[in-house]
Structures are given as C-alpha cells and as structure tokens.
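Quick notes on the structure that follows.
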Amino acid sequence: MASTAGYAHSDAFDQGCLQVGEIHNLYYAQYGKPNGKPVIFVHGGPGAAAGKTFTCFFNPDVYRVVMLDQRGAGKSTPFMEIRENTTQLLIQDFETLRERLSIPKWHMVFGGSWGSTLAIAYAEAHPDMVGSLVLRGVWLSRDLDDQDHSVRRHMFPEDWEAVINYLPEAERSNPYLAYCTRLLSGDQQVALEAAKVWNRWVLIGGSLEMPKEDPLWLLENEDFLLSCKITAHYFLNSLFLEKGQLLRDVKKIQHIPTSIIHGRYDVMCPPKGAWDLHKALPQSNIFFNRDSGHATMDPGNFKKLLEVCDAYGADQF
5 MASTAGYAHS DAFDQGCLQV GEIHNLYYAQ YGKPNGKPVI FVHGGPGAAA GKTFTCFFNP
65 DVYRVVMLDQ RGAGKSTPFM EIRENTTQLL IQDFETLRER LSIPKWHMVF GGSWGSTLAI
125 AYAEAHPDMV GSLVLRGVWL SRDLDDQDHS VRRHMFPEDW EAVINYLPEA ERSNPYLAYC
185 TRLLSGDQQV ALEAAKVWNR WVLIGGSLEM PKEDPLWLLE NEDFLLSCKI TAHYFLNSLF
245 LEKGQLLRDV KKIQHIPTSI IHGRYDVMCP PKGAWDLHKA LPQSNIFFNR DSGHATMDPG
305 NFKKLLEVCD AYGADQF
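Going by this note's numbering, the sequence shown opens with residue 5, and the numbers climb by one from there.
Quick look at the structure:
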C-alpha cells in the first residue's frame with residue numbers, strides 16, 4: 005500500500021542515453037519492477053524534466069516506470085537545444101524508446117499540463133501502443149491566452165501588472181511575443197532578465213496550498229530560468245500542433261481507458277479544457293478536485309492520481 009506520500013522506489017534499475025537524430029541525446033531511467041506493467045511518465049514544460057520524485061504514483065511491485073527527459077530538457081543533451089525540437093519529434097522519441105526497451109505496448113501513458121498535451125498527441129499518433137491514459141491538468145493547446153492568462157491575470161492582477169510593466173509600452177499588446185523574443189534573442193543577459201520576470205509569473209498560483217518551500221527560490225537558479233527558452237520556442241510555434249488538432253483527432257483514442265484529474269481551481273490550465281476533453285471522450289472518467297489547483301502535489305490531485313494508478317495497475321489493457 006502507498007503511504008500518504010505515495011510509493012517509495014529504489015534507485016533506477018536501468019538508465020542510459022538514447023541518441024535521436026544528429027543532435028540530441030535523451031536521458032532515460034527505469035524504476036520499479038523490471039518485468040512490470042510499463043508506464044511512461046510524460047513531463048511538463050515544455051522544457052521541464054522527469055525524475056525519481058514522480059515515481060511516487062506507481063506501485064513498484066506492479067509497474068515498470070520509464071522516465072524520459074524530452075529534447076533539450078533535464079539531463080538530456082544539449083541542454084536547451086531548440087534545433088530539431090518539435091512535438092512530432094518528441095512523439096517519435098517515445099516510440100524509439102519503447103522499441104529500444106523492447107516494450108510491446110505501454111500499459112499507461114501518464115502526463116500532466118504540457119505532458120497531458122503531449123500524451124494525447126502521442127496516443128492519437130500511435131493509438132495501438134497505448135493501453136490507458138492518465139491526464140492531469142489538461143491543456144488542449146488551443147488559444148494560449150484562452151487557456152491560461154486570461155483567467156490568471158484577473159486573479160493575480162498585481163503580478164500580471166509586473167509582467168506587463170517590464171515591457172516597453174509598444175510591446176505590451178502582445179506580451180507572449182515580447183517575452184519569447186527576448187528568451188530566444190541569443191543575448192544571455194537579456195534572456196536571463198526576461199526569464200526572471202516571466203518565471204516569477206509562471207511560479208505564482210500553481211498550487212492552491214502554500215508549498216512547504218517557497219518556489220520563488222528557483223528564480224536564482226540559472227538553469228531553471230533558461231529552460232523556458234524551450235517553452236518560448238514551442239509557444240512561438242503554437243506547440244507545433246494545428247489549431248484544434250487534439251479534439252479533432254480524438255476519435256482515434258475513443259477505445260483507450262482514460263482518466264482525467266483536474267484541480268477545480270486550476271488557474272494555469274482552467275477546467276474547461278478537461279471538461280471539453282471528457283465530453284469528446286464520453287467513456288472517460290473525470291475528477292474535479294475542490295482542494296486543488298494546477299499542482300500535481302495538491303492534496304486532491306495527488307490522492308486521485310494514486311487511486312487511479314492503483315486501479316489501472318489491477319487491469320489488463
């Protein structure tokens with residue numbers, strides 16, 4: 005049984021690098037039961053990372069847990085590399101890794117936030133390779149402003165004002181473009197200054213609870229700040245997805261058991277996206293948690309993710 009902190013895992017029983025294309029080497033690690041039911045953890049961002057912390061949802065006596073740092077992220081190299089870095093190539097990477105590890109089919113694909121976007125896109129591209137989907141903090145990659153800041157800026161007006169006031173007045177009508185341009189400018193000092201302002205905004209309001217450790221300490225971590233270069237690259241390219249693509253192609257995954265876990269007070273990825281996905285997948289299960297925001301570790305989100313992963317662990321897909 006899991007404790008209130010989830011499942012404890014030993015160190016990785018396997019880790020390595022996967023070369024994809026001429027540029028990228030992807031770091032991966034495996035935890036849990038070597039011959040267990042394979043689950044791939046799809047991390048958020050774009051530009052964040054996976055890691056042992058997130059194995060807590062998966063019973064090590066049941067699951068073989070595969071963690072992969074996406075192109076340019078985490079321990080993958082080159083760090084922050086945006087060349088040959090698209091959603092389509094990330095989807096291809098999951099298949100390359102599955103084949104490298106001799107996994108016939110994923111028992112589960114687990115993704116939150118941007119990870120939910122990518123998990124859905126992967127499942128739609130390879131529906132026969134996905135046994136189940138567990139999606140937290142659903143982001144459908146529709147109009148970015150509609151999905152995120154139009155809600156949050158009204159709830160955190162003083163913080164949004166700081167974001168806007170950093171920019172020259174002529175650039176304030178399109179803050180996404182202004183910040184992304186600075187982050188991708190090639191001038192590290194310009195990028196760092198903009199990243200500090202932007203990431204402060206990103207870190208605010210993710211959790212409904214006051215975290216044990218103030219996340220703003222990350223604003224002093226240069227690697228963390230500059231990792232949003234990848235986020236900017238994806239934002240400027242509309243996440244390399246066609247408008248409405250995920251819902252347009254959702255019929256391809258109607259047969260896949262899917263559970264959607266979403267904080268009722270998620271101001272980063274508002275609940276409407278989760279609800280629209282659920283309506284498009286009428287056989288899916290959806291859970292809105294009234295004690296949770298966007299954060300994975302908010303109480304309701306964490307508890308429900310554990311329950312769903314335990315339940316799917318007892319199934320055959």
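Note that beta-carbon positions come from the ideal geometry of N, C-alpha and C, so glycine has one too.
Exercise. Under the rule that 16 or more other beta-carbon atoms within 10 Å means buried, what is residue 112, buried or exposed?
Worked result: buried
For this session: Could you check how far apart the C-beta atoms of residue 136 and residue 262 are, in whole angstroms? I think they sit under 8 Å.
Result: 7 Å
Exercise. In angstroms, rounded to a whole number, what distance separates the CA positions of residue 23 and residue 72?
Worked result: 12 Å
Problem set entry | Enclosing alpha helix (DSSP H) for residue 136 [first to last residue] | Segment: none, residue 136 is in no alpha helix (DSSP H) and carries neither H nor E.
Problem set entry | Of the listed residues 52, 206 and 106, nearest to residue 68 (C-alpha basis) | 106
Exercise. Could you give the distance in angstroms between the alpha-carbon of residue 17 and the alpha-carbon of residue 294?
Worked result: 37 Å
Exercise. Between residue 134 and the rest of its own chain, which residues show a CB-CB distance below 6 Å, the 5 nearest in sequence each way excluded?
Worked result: 110, 113, 127 and 260
Exercise. Of all the beta strand (DSSP E) runs that stay within the bounds of the region 252–300, which reach a length of 3 or more residues?
Worked result: 262–267 and 289–293
Problem set entry | From 108, 85 and 9, residue whose alpha carbon lies closest to that of residue 57 | 9
Exercise. Measuring CB to CB, does residue 49 end up less than 8 Å from residue 234?
Worked result: yes
Exercise. By a C-beta neighbour count over all protein chains shown, 10 Å radius and 16 as the cutoff for buried, is residue 12 buried or exposed?
Worked result: exposed
For this session: Indicate, with yes or no, if the ligand COA has a heavy atom lying under 7 Å from the CB of residue 271.
Result: Among the components modelled here there is no ligand, and therefore nothing to report on the ligand COA.
Problem set entry | beta strand (DSSP E) runs contained entirely in the region 11–35, provided each spans 3 or more residues | 18–24
For this session: Identify every residue that forms a DSSP beta bridge with residue 110.
Result: 134
Problem set entry | Below-8 Å beta-carbon distance, residue 134 vs any chain C residue | Here there is only one protein chain, and chain C is not present.
Problem set entry | Beta-carbon separation (whole angstroms), residue 175 vs residue 182, contact threshold 8 Å | 4 Å
Exercise. Straight-line CA distance for residue 186 to residue 222?
Worked result: 20 Å
Problem set entry | DSSP-derived helix/strand/coil call for residue 172 | coil
Problem set entry | Close-in-space but distant-in-sequence residues of the same chain around residue 296 (CB under 6 Å, 5 per side omitted) | 212, 267, 302, 304 and 305
Exercise. Which of helix, strand or coil does DSSP assign to residue 116?
Worked result: strand
For this session: Quick one: grab the DSSP three-state call for residue 151.
Result: Low confidence applies to residue 151: its pLDDT is 48, below 50, so where it sits in the model is not reliable, and the reading given next is rough at best. Helix, per DSSP.
Problem set entry | residue 8 (DSSP reduced to helix, strand or coil) | coil
For this session: Would you mind sorting residue 278 into buried or exposed? The rule is 16 or more other CB atoms within 10 Å of its CB.
Result: buried
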